[in-house]
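J.: Dumping the structure here so I can ask a few things about it.
Protein chains: 2
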Amino acid sequence: MKRITIGEAARQSGVKVPTVRYYESIGLLAAPSRSEGNQRSFEPADISRLAFIRHARELGFEIEAIRTLLTLQDDPHQSCASADAIAKARLIEVEQRIRSLRALKAELETMVEGCGHGRVDQCRVIEVLADHGQCTHPHH
Amino acid sequence: MKRITIGEAARQSGVKVPTVRYYESIGLLAAPSRSEGNQRSFEPADISRLAFIRHARELGFEIEAIRTLLTLQDDPHQSCASADAIAKARLIEVEQRIRSLRALKAELETMVEGCGHGRVDQCRVIEVLADHGQCTHPHH
DNA sequence: CCTACATCCTCTAGCGACTAGAGGTGCAAG
DNA sequence: CTTGCACCTCTAGTCGCTAGAGGATGTAGG
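Structure, rendered in structure tokens:
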């Protein structure tokens, strides 16, 4: 068996090298065995775990949520109610964030459209920012 | 003229007291005059500036962008091209973020729907996280 | 005038999730 | 054997605040 270096693990999982070490340091990834020269030797399972973490991070899950998801994955006989709850909570967060961003987008569009590309004292961008009352959308 | 305390400024602008001090410390807000007992005395213009900052932060502008917007506001004879560019850049960011979040939402929905509420080894939430190839939407 | 209490002051440290850099060691190819 | 990249640890920095310690000030009531 060839040893998997941290660089290789990073490449295969899509997690950066310092981030792999960081995940190890916070206990998200078990400390791998070391070579004679003290270099980390990963196993295929570590790469899957890193990929799992990376994917969850891309989906916006927080580290602590991922920690829970990983303990669930480690024990597949458990009920998946927690996993379900975490995913649902995240879904609600995402939905709210989308709503808020849409309102925001509308406001930015108004600002940009209203800009006459002249001087600042006629600029709607600055004006709207200065006076919240001009917001058409009561998002925030 | 009654002096405006930091608490009053915070209440009127909607920026928290420590945050007002923080903005002063990073030079976003000019240091106000002080009372005999070394307490800050704000002026109405400071409150407008704080409200401006707050609104811009709510719209997701970064501090450095706000710094630029504020210098533009301070000199209303300048061209508003920079303000326009900043707002446009932010708009594009927001649009991308919305697209990405929508893909994410779809994926989370698939996960949650697929969860049979049984044991982890049949749970789609865990499964999808572990295998990125199962993503229906190539968002990330 | 005194006391109680809210508010103010400065300063440092912490949050999350990394990222950057210094200063040094291991390892594989030529 | 040397070159040069990849690895090691450790500390500090990023962003935009937020929390807390420990002390000073200001104000209202008795």
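Protein sequence lines, in the order shown, are assigned to chains A and B. So the first sequence is numbered by UniProt numbering: it starts at 1 and just counts up by one. So the second sequence is numbered by UniProt numbering: it starts at 1 and just counts up by one. Where is the CB? At the ideal position from N, CA and C, for every residue including glycine.
(1) Using alpha carbons as the reference points, say which of Gly-60/B, Arg-99/B, Gln-122/B, Tyr-22/B lies closest to Asp-84/A.
(2) Step through the CB atoms of chain B and report whether any lies within less than 8 Å of the CB of Asp-75/A.
(3) At a Cβ cut of 8 Å, what residues of the region 78-104 of chain B count as close to chain A, listed as they run along the chain?
(4) Please go through the same chain and pick out, in chain order, the residues whose beta-carbon is closer than 8 Å to the beta-carbon of Ile-86/A, but skip the five residues on each side of it.
(5) Interface residues of chain A around Phe-42/B at Cβ under 7 Å?
(6) How is Ser-35/A classed by DSSP in three states: helix, strand or coil?
(7) Tell me which residue opens and which closes the alpha helix (DSSP H) that Arg-21/B is part of.
(8) Keeping to the same chain, check which residues put their C-beta closer than 8 Å to that of Cys-80/B; ignore five residues upstream and five downstream.
(9) Taking the alpha-carbon positions, what's the Ile-47/B to Ser-25/B distance?
(10) Within its chain, find whatever has a CB closer than 6 Å to the CB of His-140/B; leave out the 5 residues flanking it on each side and keep chain order.
(11) CB-CB under 6 Å to Cys-115/B, same chain, minus the five flanking residues each way: which ones, in chain order?
(12) Kindly list, in the order they appear in chain B, the residues whose Cβ is closer than 8 Å to that of Ile-47/A.
(13) Span of the alpha helix (DSSP H) holding Asp-46/A?
(14) Hey, how far is the Cα of Arg-40/B from the Cα of Glu-127/A?
(15) Report, in whole angstroms, the separation of the C-beta atoms of Tyr-23/A and Ile-53/A, which I expect to be a contact under 8 Å.
(16) Taking 8 Å as the CB-CB limit, is His-140/B close to chain A?
(17) Anything in chain B within Cβ reach of Ile-126/A, meaning under 9 Å, just list it in chain order.
(18) Compare the C-beta of residue 143/A with all C-beta atoms of chain B and state if any pair is closer than 8 Å.
(19) Given that Arg-3/B touches chain A, what residues does it touch there, using C-beta distances under 7 Å?
(20) Please work out which residues of its chain come closer than 6 Å, Cβ to Cβ, to Gly-118/B, disregarding the five sequence neighbours upstream and downstream, and give them in chain order.
(21) Is there a Cβ of chain A sitting closer than 8 Å to that of Gly-27/B, yes or no?
(22) Rounding to the nearest angstrom, what Cα-Cα distance links Gly-27/A and Thr-19/A in this structure?
(23) Is there a C-beta anywhere in chain B that falls below 8 Å from the one on Gly-118/A?
(24) For chain A, is any of its Cβ atoms less than 8 Å away from the one on Glu-64/B?
(25) Could you pull out every residue in the same chain whose Cβ sits closer than 7 Å to the Cβ of Val-120/B, ignoring the five residues on either side in sequence?
(26) Ile-63/B: buried (16+ other C-beta within 10 angstroms of its C-beta) or exposed?
(27) Determine the DSSP secondary structure at Arg-124/B, reduced to helix, strand or coil.
(28) Give the C-beta separation of His-132/A and Ala-51/B to the nearest angstrom, bearing in mind that I take them to be a contact with Cβ-Cβ under 8 Å.
(29) Would you say Ala-130/B reaches chain A, if we count a Cβ-Cβ gap shorter than 8 Å as a contact?
T.: Looking at the coordinates:
(1) Gln-122/B
(2) yes
(3) Gln-78, Ser-79, Cys-80, Ala-81, Ala-83, Asp-84, Ile-86, Ala-87, Lys-88, Arg-90, Leu-91, Val-94, Glu-95, Arg-97, Ile-98, Leu-101, Arg-102, Leu-104
(4) Phe-61, Ala-65, Thr-68, Leu-69
(5) Result: empty, since nearest Cβ-Cβ is about 17 Å, beyond 7 Å.
(6) coil
(7) 17-25
(8) Leu-72
(9) 16 Å
(10) Residue confidence is low: His-140/B scores 48 on pLDDT, short of 50, so the model does not pin down where it sits. Its coordinate-derived value is still stated next. Result list for His-140/B: empty, nothing under 6 Å.
(11) Cys-123, Arg-124, Val-125
(12) Simply none; closest approach about 11 Å.
(13) 44-58
(14) 27 Å
(15) 6 Å
(16) Unreliable placement is indicated for His-140/B, whose pLDDT of 48 sits below 50; the coordinate value is still reported in the next sentence. So yes, His-140/B belongs to the interface.
(17) Phe-52, Leu-69, Leu-72, Gln-73, Pro-76, Cys-80, Ala-83
(18) Past the boundaries of the shown model lies residue 143/A; chain A is included only from 1 to 140, so the question cannot be answered.
(19) Under the 7 Å cutoff, chain A gives no residues; its nearest Cβ is about 24 Å from Arg-3/B.
(20) none
(21) no
(22) 12 Å
(23) yes
(24) no
(25) Ile-126
(26) exposed
(27) helix
(28) 7 Å
(29) yes
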